[in-house]
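Line by line, the protein sequences give chains A and B. Residue numbering for the first sequence follows the numbering used here, beginning at 1 and increasing consecutively. Residue numbering for the second sequence follows the numbering used here, beginning at 210 and increasing consecutively. Here's the structure, in structure tokens; my notes come after.
There are 2 protein chains.
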Amino acid sequence: MPRKTYHHGNLKNALIQAGIAILAEEGLGGLSLRKAARRAGVSHAAPYAHFADKQNLIAAIASDGHKKILERFETIRVKYPDNPLRQLAAGAWAYVKFGLQAPDHYRITFSGVIQDEHSHAEFIEYSQRNMQVLREIIAQCRSAGVLDADGVDSELQAVSIWGLLHGLTLLMIQKQLPSQLIKTCPPKDIVLSALQQMARISINKRMLD
Amino acid sequence: MPRKTYHHGNLKNALIQAGIAILAEEGLGGLSLRKAARRAGVSHAAPYAHFADKQNLIAAIASDGHKKILERFETIRVKYPDNPLRQLAAGAWAYVKFGLQAPDHYRITFSGVIQDEHSHAEFIEYSQRNMQVLREIIAQCRSAGVLDADGVDSELQAVSIWGLLHGLTLLMIQKQLPSQLIKTCPPKDIVLSALQQMARISINKRMLD
DNA sequence: CTCCAAATCTAGACAATGTAAAGATTGTAG
DNA sequence: CTACAATCTTTACATTGTCTAGATTTGGAG
């Protein structure tokens, strides 16, 4: 069905949503500017009024991924305001869960399309805020004495935990973990165990929710 | 310069090497079947005698990545035959270093192109052997008492360490770690710290080599 | 050695894609 | 109301993945 108005009205956002939908239905390989334009009901060159090139659409989709992760973090922080350890546990699981629920959206979010520090300001912004949230949670855990400092710089601790979660998420998404393990051990248990090994914290499965 | 013989002689391998070279020079986005064919000095359809489609060339390149990582592991194992802890430390760093030296080769190796378990037998083979090596090193560390078992299933321990290294490698490759940290802390220190946090092992920087 | 089938390579074609250019339509600031 | 800027369409072109038909070469059966 063709549009009534010549102008779409909200094309930029429609293209981002179309892109996310394509990722969900057809995966990374199915994403194209023209297909997104078709879904939004505009001509194949219309996107160029809003995105300089395909990379910029991808950057916008990646920003949206970071934003969604950030929202989940914020939700958890207000849910357990005075329990930083639970924030850490639940936040970690929420992060991984986003990856499992929207695998290709997650992958594109961390696909490393953004090299230039100056372009894609929104992406940089959200990405840094996510890192900042993790830093804060870890700082609070340390202050509360529920997370070992152990002479480890807290920045290095944050980066290590993030790296761990990121790596496991990708390996799970891409089915690269030993099939033996996958059959006997649900993702949640893998994350729980990994977190305990890394941070030596006393958490249980319930605290991931 | 055109070939002398009608038949290339070793086209399959030449295409793989061409692909790896393209990855090094132009990155993931620059890789195309036709470009690889051009480099090998054959027509654009010649690759189809050796690879059913582009995915199969990618799978072959990914297999090569796994093979190179495996070779590094083996080298380290014969270098420190009776020091499993050092095998773990040096192996971990060798893994990350491969990612830093050949970022896009590393990325394509773990890009998750292989979904079907039955196709791409070579990839599955190498991938499993890499996992097996890590398992063995960890088992030896445990037996030698230089790595805490701590009630953690050894498969989960292996997967966690792998996830950690994989995640950190990607974040470093894609420059997604806080720029503040990058400026003050070389990759080697990041890996060393992460390993110590995860496995609570007593290793120093020298042992990574 | 001969000859044929299989393996390998070329040439040509097609659809999909990213993207540039030129022009049409619409919203809006003055 | 009008001129300008933003938005959108149409047309066009190069690149790419992949298919088909045919040419060349190789290896092995007889």
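Glycine residues also receive a C-beta, built at the ideal position from the N, C-alpha and C atoms. Treat the numbers as computed from the prediction; the structure is a model and nothing was measured.
*Taking the CB atoms as reference points, tell me whether L156 (chain A) and A194 (chain A) lie closer together than 7 Å.*
To locate residue 156 (chain A), count along the first sequence from 1; it is residue 156. To locate residue 194 (chain A), count along the first sequence from 1; it is residue 194. Taking 7 Å as the Cβ cut-off, L156 (chain A) and A194 (chain A) do not qualify as a contacting pair.
*Using a beta-carbon distance below 7 Å, is M340 (chain B) in contact with chain A?*
On the second sequence, position 131 is the one that residue 340 (chain B) refers to. Interface with chain A (7 Å Cβ-Cβ cutoff): M340 (chain B) is included.
*CB-CB under 6 Å to R39 (chain A), same chain, minus the five flanking residues each way: which ones, in chain order?*
On the first sequence, residue 39 (chain A) is found 39 positions in, with the first residue counted as 1. Cβ within range, chain order: A18.
*Within the 7 Å Cβ cut-off, does A194 (chain A) reach chain B?*
As a position in the first sequence, residue 194 (chain A) is number 194, starting the count at 1. At a cut-off of 7 Å, the C-beta of A194 (chain A) has a neighbouring C-beta in chain B.
*E26 (chain A) versus Q174 (chain A) - alpha carbon distance*: Sequence index remark: in the first sequence, residue 26 (chain A) carries index 26 (1-based). Sequence index remark: in the first sequence, residue 174 (chain A) carries index 174 (1-based). Computed Cα separation, rounded: 15 Å.
*In its own chain, which residues sit with a C-beta less than 7 Å from the C-beta of S369 (chain B), not counting the 5 before and 5 after it?*
Locating residue 369 (chain B) in the second sequence gives position 160, where the first residue counts as 1. Counting only residues of its own chain and dropping the five nearest sequence neighbours on each side, S369 (chain B) has a CB closer than 7 Å to the CB of M407.
_For the region 51-85 of chain A, list every residue whose C-beta sits within 7 Å of some C-beta in chain B, in sequence order._
The residues in question: there are none.
_Reference Q140 (chain A), options A:R129, A:D150 and A:S154, closest by Cα_ = Working through the first sequence from its first residue, we reach residue 140 (chain A) at position 140. For Q140 (chain A), the nearest C-alpha among the options comes from A:S154.
*For K97 (chain A), which option in A:L85, A:A59, A:G65 and A:A45 has the closest C-alpha, if you only look at C-alpha atoms?*
Stepping through the first sequence from its first residue, residue 97 (chain A) is reached at position 97. For K97 (chain A), the nearest C-alpha among the options comes from A:G65.
*Boundaries of the alpha helix (DSSP H) in which T5 (chain A) is found, first to last residue*: Position 5 of the first sequence holds residue 5 (chain A). It is not in any alpha helix (DSSP H) - T5 (chain A) carries neither H nor E in the DSSP assignment.
*State the CB to CB distance for the pair I69 (chain A) and N130 (chain A), rounded to an integer number of angstroms; the pair is presumed to be in contact (CB under 8 Å).*
As a position in the first sequence, residue 69 (chain A) is number 69, starting the count at 1. As a position in the first sequence, residue 130 (chain A) is number 130, starting the count at 1. That pair is a contact at about 6 Å.
*Please classify Q167 (chain B): does DSSP put it in a helix, a strand, or coil?*
Outside the displayed span of chain B (210 to 418) sits residue 167 (chain B), for which this structure offers no information.
*Taking the CB atoms as reference points, tell me whether I285 (chain B) and L356 (chain B) lie closer together than 7 Å.*
Here residue 285 (chain B) corresponds to residue number 76 of the second sequence, with the count starting at 1. Here residue 356 (chain B) corresponds to residue number 147 of the second sequence, with the count starting at 1. Their beta carbons are not under 7 Å apart, which means I285 (chain B) does not touch L356 (chain B) by this criterion.
*Mind reading off the beta-carbon distance from V322 (chain B) to A268 (chain B)? Whole number of angstroms is fine, and I expect it under 8 Å.*
Along the second sequence, read from residue 1 onward, the residue named residue 322 (chain B) stands at position 113. Along the second sequence, read from residue 1 onward, the residue named residue 268 (chain B) stands at position 59. V322 (chain B) to A268 (chain B), Cβ: 6 Å. Contact.
*Per-residue contacts from P47 (chain A) into chain B (C-beta, under 9 Å)*: Working through the first sequence from its first residue, we reach residue 47 (chain A) at position 47. None at all; the shortest Cβ gap to chain B is about 18 Å.
_Sequence-distant residues of the same chain with beta carbon closer than 6 Å to A223 (chain B), five excluded per side_ = Stepping through the second sequence from its first residue, residue 223 (chain B) is reached at position 14. So the list reads A249, once near-sequence residues are dropped.
_Whole-angstrom C-beta distance between L208 (chain A) and A102 (chain A), which should lie under 8 Å_ = Your numbering for residue 102 (chain A) matches position 102 in the first sequence. Your numbering for residue 208 (chain A) matches position 208 in the first sequence. Contact doesn't hold; Cβ gap of about 19 Å is too wide.
*Buried or exposed for Q115 (chain A), please, with buried defined as at least 16 other CB atoms from any protein chain shown within 10 angstroms of its CB.*
Position 115 of the first sequence, counted from the first residue, corresponds to residue 115 (chain A). Under this definition Q115 (chain A) is an exposed residue.
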